[in-house]
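Residues in the sequence shown are numbered from 1 upward in steps of one, following my numbering.
Backbone N, C-alpha and C fix where the C-beta goes; we use that ideal spot for every residue, glycine too.
Please read these numbers as outputs of a predicted model, since none were measured by experiment.
Okay, so here's the structure we're looking at.
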Amino acid sequence: MAILLQVQSGEKSFGARTLFSKASLSIEDGEHIGVIGPNGAGKTTLFKILAGLEDLDAGVVTPTQGLRLGYLKQEEELNQEELAREYIERTANRPIWELYELAFGLGLKETQLNTPITQLSGGYRMRCQLLGQLGQEPHLLLLDEPTNYLDLESLLVLEEFLIEYKQAFLLISHDREFLRRVTDHTLEIEAGEFTKFNGHIDDYFEQKQLLEEQLQARALSLDSRRKEILDFARKFGAKATKARQVQSRLKSLKKMEKIELKPLPIKAKIRIPEPVRTGKQVVHFDQVQLGYGDKVVLKNIHFQMVRGTHLAVVGENGAGKSTFLKAIAKQLEPQKGTIHHGPNVTIGYYSQHVAENLNLNFTVYESLAEVAHKDLTQQNLRDLAGQLLFSDERIDEKLQKMSGGEKARVALGRILVQRTPLLVLDEPTNHLDFHTVEALTEALKAYEGSVIIVSHDRGFISRVAEHILRIENGHAEFYPGTYQEYIWSLQKGTLSNSTVESTSISIDEELYEKVSTDTKALKKQLKIELREAQKRIQYLDNKLERLHTGLETDSARMAELSGKEAQDLMMDLAYRQKEIDELESDWMETQEKIDQMEQQIQQLS
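If you want it as structure tokens, here you go:
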């Protein structure tokens, strides 16, 4: 494949802090690269450099001639008078009607397109910016956290678009499921270096662990060999007959490879303090209407939730998910109806902007102690801070010195130390790294209290939530299935869009009855599933063809290499062969499903 852009020996610093040190990178045509690294590693800075908005201190960026590069920034200055459609047409350099299908798929309707872009919510503004970049059809697209403000339906549209996208892109995201689905390479930015791995995020973690194990084993072997040489020199150094051998071995010691082992990253392991005991009923809505001033957001909600329920609230941006959570958390009074909380029910509420309200003059410990349950000791609080990756020294530092991600962890810790029997969490995984999200997921799964969450992280919801509450058209309805089934329904277009006039939801009772599907409806659903499977086959065919071509080319290079280069290529080829085997297995299963569905459709005709 042709090389689109190269970075050679790149260096970049801010004051005394070094971001990149002799870092090199090559991006090839058609590569879908996920960019990962800890907060502050320089991911966004790299994008600015590639886009020509910042310069390297040393080194060079070399784009191929005529390269079209699109860049979706996290923040962009906008013209207050420019309509959304005008912004999109100007950015994409195309008439808006050519982009209607993608615009509507991203949840942009005529109402939003004809509104000044600065008057749109953050979510809709992000979609307009995204559409403007996608419309340029760049050879290389830079996407900096594009999923942050997308609801699930829009995210699925973007995901399908990027899976089928023929050009190259670099994607910064903390959404592991999204990265797993749309990328085929992973770029790690760590300790000032760029390392590109074949495969998506799960493959990266597997390869990373294997490389670390091999490096550890190599380092131990070399240490053992050094010890043997030094022991030999001490034992025989004084003997004239062994002098030549001693000198020879000491020379080999100087030439011996030196391996600097990086300390393994400390991983969060969160244990939520046991919640205070409550009665069976946790919260009950009786014909509740919610809104702001004269504006009604949700109405006719009859809802009750019992102890131990783990519930996810889903719906489009602006549907009222956060409003619903605010009402449960006693942050918003109902316009009509009543909200009852059970005896002894206290609430730990994590809002999207909770980290912005922290007292920055407090240390980490002081911030936790301010809200901690009276039964928790000083050691309990320090232990929890340690579980959230704060060292003994950092625990006693003021929050004003902390990064955004660290403040988010403090805000989360403040919720957990209250021992509340009801956790209300609005986008709790934002700003958390992969390891901390994993730790929080496991902690919430084991948590015996009740949990209500809103999150765009599909893996997080799938593993934590046992029930789904869908908010749409000003109403709330229970979705009778798992979160994965809800996603499938969205993808297949089979999710009911009917308005619910009144909702009665009781988590502890039988919540739905299966409705029989007539022949016509079943045939329609099978055709939808068939189209999806056929699209999947086309995607797999294209990816397998690229992998086979690359594998044949690189296999032919093996004879020309030796030493470490040959070993690295051999490992790379093994991983690619594994990926090919998995994809071919996926292809076979998908083709079998297609055959079965075609037979069923024929039988129903």
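So what's residue i in DSSP terms, helix, strand or just coil?
{"i": "residue 251", "result": "helix"}
{"i": "residue 594", "result": "helix"}
{"i": "residue 148", "result": "coil"}
{"i": "residue 588", "result": "helix"}
{"i": "residue 286", "result": "strand"}
{"i": "residue 12", "result": "strand"}
{"i": "residue 303", "result": "strand"}
{"i": "residue 157", "result": "helix"}
{"i": "residue 335", "result": "coil"}
{"i": "residue 503", "result": "Any reading at residue 503 is ruled out, since the residue's pLDDT is 47, under 50, leaving its predicted position unreliable."}
{"i": "residue 426", "result": "strand"}
{"i": "residue 411", "result": "helix"}
{"i": "residue 185", "result": "strand"}
{"i": "residue 168", "result": "strand"}
{"i": "residue 56", "result": "coil"}
{"i": "residue 607", "result": "In the structure as shown, the chain starts at 1 and stops at 605, and residue 607 therefore has no counterpart that could be examined."}
{"i": "residue 482", "result": "coil"}
{"i": "residue 327", "result": "helix"}
{"i": "residue 279", "result": "coil"}
{"i": "residue 435", "result": "helix"}
{"i": "residue 86", "result": "helix"}
{"i": "residue 373", "result": "coil"}
{"i": "residue 390", "result": "coil"}
{"i": "residue 173", "result": "coil"}
{"i": "residue 348", "result": "strand"}
{"i": "residue 121", "result": "coil"}
{"i": "residue 127", "result": "helix"}
So residue i packs on residue j, CB below 8 Å; how close in whole Å?
{"i": "residue 144", "j": "residue 72", "result": "6 Å"}
{"i": "residue 184", "j": "residue 200", "result": "6 Å"}
{"i": "residue 455", "j": "residue 484", "result": "With a Cβ gap of about 15 Å, residue 455 and residue 484 do not count as contacting."}
{"i": "residue 33", "j": "residue 171", "result": "7 Å"}
{"i": "residue 304", "j": "residue 287", "result": "Rounded, the Cβ-Cβ distance is 12 Å, inconsistent with contact."}
{"i": "residue 439", "j": "residue 453", "result": "Contact doesn't hold; Cβ gap of about 16 Å is too wide."}
{"i": "residue 192", "j": "residue 18", "result": "6 Å"}
{"i": "residue 482", "j": "residue 460", "result": "Not confirmed; about 14 Å, so no contact."}
{"i": "residue 141", "j": "residue 128", "result": "Actually they do not touch by this definition, with Cβ atoms about 16 Å apart."}
{"i": "residue 411", "j": "residue 194", "result": "With 8 Å as the limit, residue 411 and residue 194 do not qualify as a contact, their Cβ atoms being about 32 Å apart."}
On a CA-only basis, which of the options is nearest residue i? Give me that one, please.
{"i": "residue 68", "options": "78, 56, 98 and 29", "result": "29"}
{"i": "residue 348", "options": "27, 285, 82 and 327", "result": "327"}
{"i": "residue 134", "options": "77, 168 and 192", "result": "168"}
{"i": "residue 96", "options": "114, 80, 79 and 249", "result": "114"}
{"i": "residue 289", "options": "475, 306 and 194", "result": "475"}
{"i": "residue 154", "options": "124, 141, 422 and 595", "result": "124"}
{"i": "residue 301", "options": "336, 277, 315 and 308", "result": "336"}
{"i": "residue 105", "options": "491, 584 and 531", "result": "491"}
{"i": "residue 4", "options": "235, 198, 51 and 377", "result": "51"}
{"i": "residue 345", "options": "2, 325 and 306", "result": "306"}
{"i": "residue 279", "options": "342, 230 and 586", "result": "342"}
{"i": "residue 457", "options": "397, 147 and 233", "result": "147"}
{"i": "residue 272", "options": "216, 387 and 284", "result": "387"}
{"i": "residue 77", "options": "593, 55, 118 and 101", "result": "118"}
{"i": "residue 577", "options": "385, 554 and 25", "result": "554"}
{"i": "residue 409", "options": "218, 204, 364 and 423", "result": "364"}
Is it buried or exposed, residue i, if we count other Cβ atoms within 10 angstroms and call 16 or more buried?
{"i": "residue 654", "result": "Residue 654 cannot be examined here, being either before or after the span of the chain that is shown, 1 to 605."}
{"i": "residue 609", "result": "For the chain, the structure presents residues 1 to 605; residue 609 sits outside this window and is missing."}
{"i": "residue 53", "result": "exposed"}
{"i": "residue 614", "result": "Residue coverage of the chain in this structure runs from 1 to 605, which leaves residue 614 outside it and unanswerable."}
{"i": "residue 468", "result": "buried"}
{"i": "residue 87", "result": "buried"}
{"i": "residue 340", "result": "exposed"}
{"i": "residue 151", "result": "buried"}
{"i": "residue 538", "result": "exposed"}
{"i": "residue 418", "result": "buried"}
{"i": "residue 321", "result": "buried"}
{"i": "residue 375", "result": "exposed"}
{"i": "residue 588", "result": "exposed"}
{"i": "residue 66", "result": "exposed"}
{"i": "residue 14", "result": "exposed"}
{"i": "residue 351", "result": "buried"}
{"i": "residue 436", "result": "buried"}
{"i": "residue 292", "result": "exposed"}
Would the beta-carbon of residue i be found less than 7 Å away from any heavy atom of the ligand ATP?
{"i": "residue 319", "result": "This structure lacks the ligand ATP, and indeed carries no ligand of any kind."}
The region 368-376 contacting the region 322-333, beta-carbon criterion three pairs below 8 Å
no
For the region 58-67 against the region 215-226, are there 3 or more C-beta pairs whose distance is under 8 Å?
At 8 Å Cβ cutoff, the stretches do not touch.
Below 8 Å, can you find three or more Cβ-Cβ pairs linking the region 394-410 to the region 438-453?
no
Below 8 Å, how does it come out for the region 350-360 and the region 287-307: are there three or more Cβ pairs, yes or no?
The region 350-360 vs the region 287-307: no contact.
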